[in-house]
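In the numbering used here, the protein residues as written are 1102 to 1341.
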């Protein structure tokens, strides 16, 4: 439209606001959908038919529980990175824990972009060590033996389960979204990049979020499927 100029600005760029006020509102709202719109000037709209909404995710924030039964790290290796030296998509790496009441907690989004196989494997190893994970769950569609060897070379010595995708990403995510709707999953903090991908998965409409592929969301789905939709969690309590 002629005669229309669109400008955007962030709250922190306003020189007339006291620094203490900016710090306070960013601490309270930073990373949330409301904060990204009001503080960062982003235009954020929920997609019709999306499996998740940002408002619903904001209602599921939680502190990290003191005791967890299991912790797993879901991994969605970047397509083509093993063969071409790292030119594929991001490597999704998401840590999720399960408490004794059957509630899951998303602990960390340690995903890395434009990383070599050695680099993303080290990121997996680091995430597993930080959260004292019991197991790594990695998608093997891009070459199971190679995924295993790359992770072992990075000293990922804990048990590794390789899973293969037989359905599309949205179909795999739908049962996990149902767990959220039932209040059985919490997010320990804010994970804007992961949550943007989650909100881009649309029932019957494929993926309409940022980037070519929901790598982070896929890693989340693998982890939650292992913890809550697969085998029962082993008995026991672990202290963080």
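Every residue, glycine too, gets a C-beta built ideally from N, C-alpha and C.
{"Check": "If distances are taken between C-alpha atoms only, which option among 1271, 1256, 1239, 1118 comes closest to residue 1180?", "Outcome": "1239"}
{"Check": "Is DSSP giving residue 1313 helix, strand or coil here?", "Outcome": "coil"}
{"Check": "Give the range of the beta strand (DSSP E) segment to which residue 1205 is assigned.", "Outcome": "1205 to 1210"}
{"Check": "Around the C-beta of residue 1265, are 16 or more other C-beta atoms found within 10 angstroms, so that it is buried, or is it exposed?", "Outcome": "exposed"}
{"Check": "Using a threshold of 8 Å, state whether the C-beta atoms of residue 1193 and residue 1172 are closer than that.", "Outcome": "no"}
{"Check": "Quick test of the definition: if touching needs 3 or more C-beta pairs under 8 Å, does the region 1314 to 1322 touch the region 1287 to 1301?", "Outcome": "yes"}
{"Check": "Tell me the rounded alpha-carbon separation between residue 1306 and residue 1207.", "Outcome": "26 Å"}
{"Check": "Spell out the partners DSSP gives residue 1258 in its beta bridges.", "Outcome": "The partner list for residue 1258 (beta bridge, DSSP) is empty, contrary to what the question assumes."}
{"Check": "Would you mind sorting residue 1185 into buried or exposed? The rule is 16 or more other CB atoms within 10 Å of its CB.", "Outcome": "For residue 1185, the predicted structure reports a pLDDT of 48, less than 50, and the residue's modelled location is therefore unreliable. The matter cannot be settled from this model."}
{"Check": "Is it buried or exposed, residue 1114, if we count other Cβ atoms within 10 angstroms and call 16 or more buried?", "Outcome": "exposed"}
{"Check": "Starting from residue 1177, trace the beta strand (DSSP E) both ways and give me its first and last residue.", "Outcome": "1171 to 1177"}
{"Check": "Assess contact between the region 1209 to 1220 and the region 1147 to 1165, defined as three or more Cβ pairs (one per stretch) separated by less than 8 Å. Is contact present?", "Outcome": "no"}
{"Check": "If you drop the 5 nearest sequence neighbours on each side, which residues of the same chain put their C-beta closer than 7 Å to that of residue 1214?", "Outcome": "1191"}
{"Check": "Pick out whichever of 1271, 1222, 1278 has its Cα sitting closest to the Cα of residue 1308.", "Outcome": "1271"}
{"Check": "Please confirm whether residue 1325 and residue 1280 have their CB atoms less than 8 Å apart.", "Outcome": "yes"}
{"Check": "For residue 1248 versus residue 1166, is the C-beta distance shorter than 8 Å?", "Outcome": "no"}
{"Check": "Output the distance between the C-alpha atoms of residue 1312 and residue 1300, rounded to the nearest integer angstrom.", "Outcome": "13 Å"}
{"Check": "Could you round the C-beta distance between residue 1200 and residue 1168 to whole angstroms and report it? I think they count as a contact, below 8 Å.", "Outcome": "7 Å"}
{"Check": "Quick one: give me the first and last residue of the alpha helix (DSSP H) that residue 1287 is part of.", "Outcome": "Looking at the DSSP string, residue 1287 is not in any alpha helix (DSSP H); the run it does join, the beta strand (DSSP E), is 1286 to 1288."}
{"Check": "Whole-angstrom Cβ separation of residue 1303 and residue 1150, contact assumed at under 8 Å?", "Outcome": "5 Å"}
{"Check": "So which of 1322, 1121, 1289, 1152 has the shortest CA-CA distance to residue 1310?", "Outcome": "1152"}
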